[in-house]
Every structure is written in structure tokens, then in C-alpha cells.
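These notes concern the structure reproduced below.
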DNA sequence: TCGCGCATTTGATCTGGGTCAAAGAAATTT
DNA sequence: AAATTTCTTTGACCCAGATCAAATGCGCGA
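Residue numbers (our numbering), protein chains in the order written: chain A, 572 to 819; chain B, 572 to 819.
Quick look at the structure:
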């Protein structure tokens, strides 16, 4: 979540449309130049694999634009998405040699990367970076555990609503509220990708989205553009009555 | 996992049967005394709640003996375990005011705690502590994501086998191998607690354990004492052919 | 504009695991 | 040792979601 505290501890990256959440600009300004030295950009097309699970990973970085997914695959082909990477999200495991999951670009993707060795060296010298990373990793851990509840105990309908909730909360166009406090956003995932995230089949995803549409919880224009007329209703459907600070 | 690297970066705590994994004794020995000053022990009986989700949490610490669980509960009573705390596991969220989950002792439990404020202050001064905590949090994140695959895609039988695999790998008596490379351990959880971890009902857990017994994958003496005659067979049943370093 | 490929929807049927119910088996208390 | 409670197993039945199959867009290049 891009809250005030997060932003105040971010690097200002004049090239990127987002601010890196990994390091602290305010406290360690003198480190900025060194970070700039080891920074580079990588672009990927939709569907391209950024890195395969188990491969050596010699960079860390953050998503500048586009969407990527972290997925695990079993030998027989069953796959489970274990993370959704949106702009400003961090990728990489400082101190770990290899990638633990497949990282796949689901839309065209731009990443801002830092070479890993120098980044880790800088982390050694700059306590705030380690603290910032710890903070971010705790956030990811919370998100993963929240998702364990979704996967372990929620019904298909609740899972869809939970996913819509997450996307609504994180989508940038969320600022653009329609009248009456409605939320408008685009689904960044195919039905199949949603199914992989939700532990369902794509048919079930499609059916439940149709059901939510039929029941007036959401309105669909086309297949991807979603309007949520009443967000608290959606939260209720998600089986989660904490509004997470979205509403007053 | 208690590997060599982990132990070398642990505090030697002469009172505890385990070594704290939170901080680095080798590099920052001068900090040991300060840690000792803010250290205290807490005991809990089986079934007792250590802390409720949302409550203010003024300590961090690690499990000395016994087992605790992290659980999330929905308003209607559905619960999902999101973490299993075994001896040497760390509890607490440095930098976060409250507990995110219910922590419940499932057996009699002893914890070695540090008051949070001074611990955090020490973390500020001692880079290795932040690094160690980052490392541990990355481990927990991996475990949580691994479990997302279990909850999202595995069958009931595979889930049971996955849980047995985890317990077998972590149980101390694992060193005590029976002849022929068999593994012997005790289940530290009731059928209901297993169900909460696995996203199943206790009846399904019971049935699948019976099935694994019938098929010779495991042998049960009583309800809790388990012998695994062939660990690679168990891994196969878990749908996970990486042996995680257990076997040569 | 047509036609091809892909994403999505919808239908029909099947099944793994949930639900409800009851009967053991241990552990604990009296 | 008998009684009570708690944990576990097993059975019968049901249903949410999977599977298999077909139709319906929808976008894009020729």
C-alpha cells in the first residue's frame, strides 16, 4: 500500500513513473548516486517470463509499469499464483542466490533493476535499506497469510470478491471515483490467471463473475472494465468486513 | 531449518535449550549483555492463547519448547492456521504495533521474550539483527507461499502427506532414525488443528490418515506416534519430489 | 470485410470433500 | 474401577466446484 510513511522512505527515481519503495531517500541521500550507478531498466512483453524458478537471479528491482505474477508449478502442471506484482512492488530476494518462483509478465512490463551484488553491498552499509526491506517483506508475508485464508476457507464467490477487493484497493484509477462513491477499475488478469491466483478453474471464475454481475455487486463493461457501485457490499461478499481504511 | 549458517548467526542463550535465531552472536558479541537485560521467559499451558489478533504486542521472542499456532478467524467461525511455531521459531513483528493473528499454545509452551521497544532500539544499532530478521522473514514468506500451493491445488491426501513431510523434517527426534532409514516422530497436533492448517475438515483428515496407513505409507502406533518406512514415498504422495536435503 | 485465434461464457455431468450422525478409544476425573 | 469428557474413526448422503464439451464473442492481421 502506498501510504505516506512508505513514500517518505522511498527513493526519488526521476526516470520512473513510480518511486522505489526499497530504500530511504531522506535519510541516506548520499547513497543515491551509488544506487543510480547500478541501476538499469528491463522491458518485457506480455506473456514473457522474467525468470524461472531455480534460476540464478543476479538482480533485484521493482515494477515500474505493468503487471507480473509469481507462480509455482507442480510436475503435473497444476499451478498456483503466490504473488501479484503491481507497479512499485519489489522483486528479488537479497541474500538468496536463486529465484524461488516463476516470474511472468502478464502485461507489457518495465522493471527498474539493480545489480544484486552491489545492491547487497549497499544494504550492508546502509541500515535503512535493510529496515525498509524487512518492512516490505513483512507486508508480503501478511499478504501471503491473508491469501492462505482465502485459499483454505473461502467459497468461490468469496474468493472472487476478495480478489476484486485487492485489485480495487491497489489500482491507480481507484482515485478516479465515479459519483456515489463507486469504484472503477480494469481487471489486469485473464480469467485463467485469476483462477491460478484463487485456486479455482477458469470456468468457475467466469461463472462467479457472472453471478456477481447478475446480483448487482459489480457492473461489467466489456470483459475487463469493472464498476463497483457499493464497495462495502463487495467487502461483505468477500467475507471480510474490515474495510482496510478504504472508507471513512 | 536449522542449518549451519543459521546456527552460526544465533545467540547462545545458556538458559534456553535452543539457540535464538534472531541475532548474531559471533559478530556482535558486545550486544549480548544488553539482550540479556531485556530478556524474560513466559510459560503457557496447552490451549492457552498467547495473544489475540489486533492486540497490542509489546514483546518479540522465540519458542523455547512446545508448539504454538498462528491462526486467522472469520466472523462466522471459519478458521485457517497460517503458521506453525516450533522450537527456535521467532514470534513478533518488529516495527508493527499489534499482533496480526491469534497465537495459541497447542502444547505447554515456553517462550523466551524480549521487550519490544529495547529490542527495536538494539536492532537500529545492530545491523546484523535486521539482516537476520530479514533472512528469517524471507524464510517464513517462502513457507507461506509453499503452503499457498498446498491450499490452492493439492488434494486432501497430498495435503496430509505435505504436512507429515514438514513435521518429519522439523521434528527433533528425526535424528533418531529407525533402521532402514525410516523416520519416527509424534504428531504435535490434533486432527482438528491439522484440518485448520490444511484447509480441510477433521473428518477428512482422519479418513486420509487412515488411507495412508492402509496403503503402508505410514505406520501408526496409537493416534499420534508415526513411523514413515520410506520417506521418498511420502514425498511422492505429497506431490513434491524435491527432497529438501533430507536424503542424500 | 473476412477469417482466424484466443478469451470467455454457458451447459451437462461427475466427484472429492463437506456435512450430519453415531460409535469407538483414550485420557481424565470421581 | 466406573464415569465423564475429549479425541478419533467410520458411515451415509449431499453439494460446490471440477471436468468435459460446445457455443459465443472479440480483436487483429491479410
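For glycine and all other residues, C-beta sits at the position ideal for the given N, C-alpha and C.
Query - Contact under 7 Å by Cβ, residue 635 (chain A) with residue 681 (chain A) - result: yes
Query - Bridge partner(s) assigned by DSSP for residue 682 (chain A) - result: A:613, A:634
Report task. Report buried or exposed for residue 726 (chain A), applying the criterion of at least 16 other Cβ atoms within 10 angstroms of its Cβ. Result -> exposed
Requested in this report: Within 10 angstroms of the Cβ of residue 611 (chain A), are there 16 or more other Cβ atoms? Answer buried if so, exposed if not.
Outcome: exposed
Requested in this report: From the DSSP output, in three-state form, read off residue 708 (chain A) for me.
Outcome: helix
**Report entry** Whole-Å CB distance - residue 606 (chain A) paired with residue 685 (chain A), under 8 Å assumed
**Finding:** 7 Å
Query raised in the report: Between which two residues does the beta strand (DSSP E) harbouring residue 754 (chain B) extend?
Result: 754–757
Query raised in the report: Around the C-beta of residue 808 (chain A), are 16 or more other C-beta atoms found within 10 angstroms, so that it is buried, or is it exposed?
Result: buried
Query - Residue nearest to residue 705 (chain A) in terms of C-alpha spacing, selected from A:672, A:664, A:683 - result: A:664
Report task. Quick one: which residues of the segment 619–649 of chain A get their C-beta closer than 7 Å to a C-beta of chain B? List them in chain order. Result -> 643, 645, 646, 649
Query raised in the report: In three-state DSSP terms, what is residue 628 (chain B)?
Result: coil
Report task. Using a Cβ-Cβ cut-off of 7 Å, state whether residue 674 (chain B) counts as contacting chain A. Result -> no
Query raised in the report: Can you list, in chain order, the residues of its chain whose CB lies under 6 Å from that of residue 573 (chain B), leaving out five sequence neighbours each side?
Result: Bear in mind that the predicted position of residue 573 (chain B) carries a pLDDT of just 36, short of 50, making it too unreliable to give a figure here.
Report task. Please decide whether residue 702 (chain B) counts as near chain A, where near means a Cβ-Cβ distance under 7 Å. Result -> yes
Query raised in the report: How about residue 574 (chain A): is its C-beta nearer than 7 Å to some C-beta of chain B?
Result: With a pLDDT of 36 at residue 574 (chain A), under the threshold of 50, the predicted position of this residue should be treated as unreliable, though the coordinate-derived value follows. By this cut-off, residue 574 (chain A) is not an interface position.
Query - Within-7 Å CB hit, residue 651 (chain B) to chain A - result: yes
Query - Extent of the continuous alpha helix (DSSP H) run through residue 737 (chain B) - result: 727–741
Query raised in the report: Would you call the segment 727–740 of chain B and the segment 721–738 of chain A in contact, with 3 or more CB pairs under 8 Å?
Result: no
Query raised in the report: Per the contact definition of three or more C-beta pairs closer than 8 Å, is the segment 705–717 of chain A in contact with the segment 705–723 of chain B?
Result: yes
Query raised in the report: Around the Cβ of residue 696 (chain B), are there at least 16 other Cβ atoms within 10 angstroms (buried) or fewer (exposed)?
Result: exposed
Query raised in the report: Taking the Cβ atom as the reference point for each residue, do residue 641 (chain B) and residue 654 (chain B) lie within a distance shorter than 7 Å?
Result: yes
Query raised in the report: Where does residue 673 (chain B) fall in DSSP's three states?
Result: strand
Report task. Report yes if the C-beta distance between residue 639 (chain A) and residue 676 (chain A) is below 7 Å; otherwise report no. Result -> yes
Query raised in the report: Helix, strand or coil for residue 619 (chain B) per DSSP?
Result: coil
Report task. Quickly, what does DSSP pair residue 796 (chain B) with across the bridge? List them, please. Result -> B:757, B:792
Report task. Give the residues of chain B in contact with residue 711 (chain A), contact being defined as C-beta atoms less than 7 Å apart. Result -> 712
Query raised in the report: Of the residues B:627, B:679, B:623, which one's Cα is nearest the Cα of residue 759 (chain B)?
Result: B:679
Requested in this report: Take residue 800 (chain B) as the anchor and find which of B:794, B:789, B:633 has the nearest alpha-carbon.
Outcome: B:789
Query - Counterpart residues of residue 641 (chain A) in DSSP-defined beta bridges - result: A:654, A:674
Query raised in the report: Should residue 715 (chain B) be flagged as near chain A, meaning a C-beta pair shorter than 7 Å?
Result: yes
Query raised in the report: Using the rule of at least 16 other Cβ atoms within 10 Å of the residue's Cβ for burial, across every protein chain shown, is residue 599 (chain A) buried or exposed?
Result: In this prediction, residue 599 (chain A) scores a pLDDT of 48, lower than 50, which makes its location untrustworthy; the coordinate-derived value is nonetheless stated afterwards. It counts as buried.
Report task. Taking residue 792 (chain A) and residue 720 (chain B) to be in contact with their CB atoms under 8 Å, please state how far apart those CB atoms are, rounded to whole angstroms. Result -> With 8 Å as the limit, residue 792 (chain A) and residue 720 (chain B) do not qualify as a contact, their Cβ atoms being about 34 Å apart.
Query raised in the report: Can you tell which of A:806, A:740, A:651, A:648 has its C-alpha closest to the C-alpha of residue 757 (chain A)?
Result: A:740
Query raised in the report: Going straight from the alpha carbon of residue 615 (chain B) to that of residue 683 (chain B), what length do you get?
Result: 12 Å
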